[in-house]
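In this note's numbering, the protein residues as written are 38 to 178. Virtual Cβ for every residue (Gly too), placed ideally from N, Cα, C. Take a look at the structure set out below.
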C-alpha cells in the first residue's frame, strides 16, 4: 500500500514535494531525493561532515520531512561536490569557499600548479651565494 502524498514518507526513492516542509504546496512535481546516509556514501564523506557544512554554507539547506529527516536533491548534491572540491581538492578554507560560492572571489584553477612551481628556499639561498661568488670572480674582486 502506497503512503498518502502528504505523509512525508519516502517511497522507492521518490519524495512528493508537497510532503516536504519548506516546499511550496503548489509544486506537485516529484523530484528524486536522497537521505543523508546515501549522500555521504556517494561523496565518500561522513554524515557529520554534511551536517557541519550545512551550518557553514547557508545555501546548502536540504529539504526536511515532517519528522526532520534531511532530504537532498540533485542540486544539493552538486553543491556538496563543489564544496568538497574547494575544501578537499583545492585546499581552501571554509571562508574562502564561502566567498567563491557567493561569487566575491574568483577560483584560480592554476593555483596548485603555481604553488608547486615555487622553488625551495634553501635552494634559492644556495643559488644566490653561488651567483654572488661568480659575480665577484667576473668583476675581479
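ask   = When the distance is taken between beta carbons, is residue 124 closer than 8 Å to residue 96?
value = no
Range covered by the alpha helix (DSSP H) that runs through residue 80 = 73-80
Separation of residue 101 from residue 86, as counted between CA atoms = 18 Å
inquiry  = If the criterion is Cβ atoms closer than 8 Å, does the pair residue 94 and residue 120 meet it?
reply    = yes
query = Around the C-beta of residue 166, are 16 or more other C-beta atoms found within 10 angstroms, so that it is buried, or is it exposed?
reply = exposed
ask   = What residues match up with residue 100 in a beta bridge as DSSP calls it?
value = 108
key: Secondary structure of residue 127, DSSP reduced to three states   = coil
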